[in-house]
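Student:
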Amino acid sequence: MPSGIIARLPTSEDLEAYAIGQWELMDTNAQLWYIVREYISNSQGFVVVETNFRMYAYSTSKLHYEILRLFSKIEYQLPNLIVGATTKESLNNAFENGITTEQQNAHPRVADRIPSIPENVCDQIRLWESDLNRVEMTPAHYYDEFPSRDVFEAACDYARDRSGLL
1 MPSGIIARLP TSEDLEAYAI GQWELMDTNA QLWYIVREYI SNSQGFVVVE TNFRMYAYST
61 SKLHYEILRL FSKIEYQLPN LIVGATTKES LNNAFENGIT TEQQNAHPRV ADRIPSIPEN
121 VCDQIRLWES DLNRVEMTPA HYYDEFPSRD VFEAACDYAR DRSGLL
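Note that UniProt numbering has the sequence shown beginning at 1, numbered continuously upward.
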């Protein structure tokens with residue numbers, strides 16, 4: 001390095017100020033990581049969601065662990081790191097509890113900003129939810145072997161008048 005040039009590395013305060021002010025998108029080993037700004041700024045930890053459905057939550061909170069368990073399969077937990085993966089089975093549990101895809105990233109401060117979950121993960125979650133809603137069951141009764149065509153027509157008219165004809 002030439003003697004007239006002074007190199008200054010950023011301090012941890014500089015890096016923290018940058019992280020708090022930005023949504024940071026990092027390309028590491030061909031995988032995109034999104035760092036959620038709200039988690040960084042409140043110093044309780046943050047969540048990283050990869051495009052391969054892996055999730056890393058930097059938190060020591062038991063509440064955060066239980067919330068993440070609703071949406072993912074927790075693989076292991078270290079003192080300040082929770083590692084899990086979003087799977088179809090783990091999300092089906094959330095869907096059965098009445099949590100929809102739109103509610104999963106709907107915190108008012110998060111919903112107005114850049115998505116905190118990679119687009120391919122959001123799309124796959126929507127597809128998994130739509131799989132559950134493909135067929136809707138309606139209670140019904142099956143009647144057959146009417147004594148005559150007139151009785152059949154009368155039963156159809158009765159059901160049609162009450163919006164019950166399938």
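The beta carbon of each residue, even a glycine, is placed where N, CA and C say it ideally should be. As the structure is a prediction and not an experimental result, all values here were calculated from the model.
Can you list, in chain order, the residues of its chain whose CB lies under 6 Å from that of R54, leaving out five sequence neighbours each side?
Tutor: A85.
Student: With 8 Å set as the bound, which would you pick, yes or no: does the beta-carbon of Y143 sit closer than that to a beta-carbon of chain C?
Tutor: Although the question refers to chain C, the structure presented lacks it and comprises just one protein chain.
Student: Can you give me the start and stop residues for the beta strand (DSSP E) that V48 sits inside?
Tutor: Per DSSP, V48 belongs to the beta strand (DSSP E) from F46 to E50.
Student: Over what stretch of residues does the alpha helix (DSSP H) that includes I67 continue unbroken?
Tutor: Run containing I67: K62 to F71, per the alpha helix (DSSP H) assignment.
Student: For a test of the three-state rule: what should DSSP assign to Y143, helix, strand or coil?
Tutor: Coil, per DSSP.
Student: Does DSSP classify residue 171 as helix, strand or coil?
Tutor: Outside the displayed range of the chain (1 to 166) lies residue 171, so it cannot be described from this structure.
Student: Measuring straight from C-alpha to C-alpha, what distance separates E89 and S59?
Tutor: Distance between the alpha carbons of E89 and S59 is about 24 Å.
Student: S72: buried (16+ other C-beta within 10 angstroms of its C-beta) or exposed?
Tutor: The residue in question, S72, is buried, as its Cβ has 16 or more Cβ neighbours within 10 Å.
Student: Tell me the DSSP secondary structure of V83 in three-state form.
Tutor: Strand at V83.
Student: Between which residues of its own chain and A155 is the CB-CB distance below 8 Å, once the five residues before and five after are set aside?
Tutor: Same-chain partners within the cutoff: Y143 and F146.
Student: Within a Cβ cutoff of 8 Å, which residues of the same chain sit near residue 226, ignoring the five residues on either side of it in sequence?
Tutor: Here the chain covers residues 1 to 166 and nothing more, so residue 226 does not appear.
Student: Should V135 be labelled buried (16 or more other beta-carbon atoms within 10 Å of its own) or exposed?
Tutor: With fewer than 16 Cβ atoms within 10 Å of its Cβ, V135 is classed as exposed.
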